[in-house]
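Contents: one structure, followed by commentary.
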Amino acid sequence: MDLVLDACDRFVLTPYLYPASFEPTDWRRQLLSLVLITTITAYVTYFLYGTLNYFFIFDQSLMQHPKFLKNQVRLEIQYTCWSIPFVATPTAAVFLLEVRGYSKLYYGVGGAYGWLFILFSTFTFVMFTDCLIYWIHRGLHSKLVYKHVHKQHHKWIVPTPFASYSLHPIDTFLQGVPYHIYPFLFPLNKLLYLTLFLFVNLWAVSIHDGNYCVPDLLKAYINGSAHHTDHHLYYNFNYGQFFTLWDHIGGSFKSPSAFEGEGPGDAVKRLLAVKDN
Ligand SMILES: [Zn+2]
Ligand SMILES: [Zn+2]
């Protein structure tokens, strides 16, 4: 994050926003800048990914499903817009710790690590976060927590790409914790971290888009949109993020109904066929 902060400082914040007396190394200035950067980036990526997906990938016929709420897209967007600043602020505090050198993030690919380690980091980052998000998500479904925190996200029974971050702020932050703690525990290249961050945001949108195209060979292993759609429909199955591994281990795997011709898209087709006759 220091790469982004340095660039913003150089081109925008120092020349146009802060007085010269407010030093770039002052932690209060860094925190304020990080809150701004994180908030703006969250809005931009949410609307960019969400809008592109909504118009070019999302199966819009799903909006005719009986469980699709009236004005749902507007409600999903409204809730996300309200929630983003509440998530961005604690997230920026974590980024501040990174910027001030408390993490194991490193720059460059040479030296002790090299390209092989970059590949290894990518693999371990995905596996580590996949495992933790599974258990955090499962914990969010426990009786005590569910109705106060996670229920909001399950309001969207047939979600759209705009539901991807339409969660209670505590929910979004908790499910982001694995991504934040990894670089404090393990060495990770800074550019790779930024790339992975953009990727996980894209993934979160993609599992809400009702596009079930996963190669046959991978259907049992990748937690795609079909799996997450069933999570929204049936609640206690398919808690995973990237893979189905932990759902298999935790006994919560459900073969997606969409793969068996029983998904929400199939229900809409049957409904329209009845209407036509
Ligand atoms: Zn859930
Ligand atoms: Zn969801």
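Heads up: the sequence shown is residues -2 to 274, going by this note's numbering. A virtual CB, placed ideally from N, CA and C, is assigned to each residue, including glycine. Small disclaimer: the values here were computed from a predicted structure and weren't measured.
Please report how far the alpha carbon of residue i lies from the alpha carbon of residue j, in whole angstroms.
i, j, result
"ARG97", "ASP(-1)", "8 Å"
"TYR15", "SER254", "54 Å"
"LEU188", "TYR104", "8 Å"
"PRO87", "ASN274", "55 Å"
"ARG26", "PRO261", "49 Å"
"PHE83", "VAL142", "19 Å"
"GLY248", "ALA17", "58 Å"
May I ask you to report which of helix, strand or coil DSSP gives residue i?
i, result
"LEU66", "coil"
"ASN50", "helix"
"ILE204", "coil"
"TYR232", "coil"
"LEU185", "strand"
"TYR43", "helix"
"TYR176", "helix"
"ILE219", "strand"
Residue i: buried (16+ other C-beta within 10 angstroms of its C-beta) or exposed?
i, result
"THR48", "exposed"
"TYR218", "exposed"
"TRP24", "exposed"
"ASN79", "One point to set straight first is that residue 79 is Trp, not Asn, in the sequence displayed. Counting Cβ neighbours within 10 Å, TRP79 comes out exposed, since fewer than 16 surround it."
"HIS245", "exposed"
"ASN235", "buried"
"TYR76", "buried"
"ASP263", "exposed"
"GLN57", "exposed"
"ASP3", "exposed"
"ALA223", "buried"
"TYR13", "exposed"
Return yes when the Cβ of residue j is within less than 9 Å of the Cβ of residue i, no when it is not.
i, j, result
"GLN69", "THR157", "yes"
"ASN220", "PHE240", "yes"
"LEU116", "GLY207", "no"
"THR311", "ALA85", "Since the first and last residues shown for the chain are -2 and 274, residue 311 lies out of range."
"LEU72", "LYS152", "yes"
Check whether the stretch 227 to 234 touches the stretch 175 to 189, counting contact only when three or more Cβ pairs, one atom from each stretch, lie closer than 8 Å. no
Spell out a yes or no on whether the stretch 117 to 131 and the stretch 39 to 53 are touching, meaning 3 or more CB-CB pairs, one atom from each, closer than 8 Å. no
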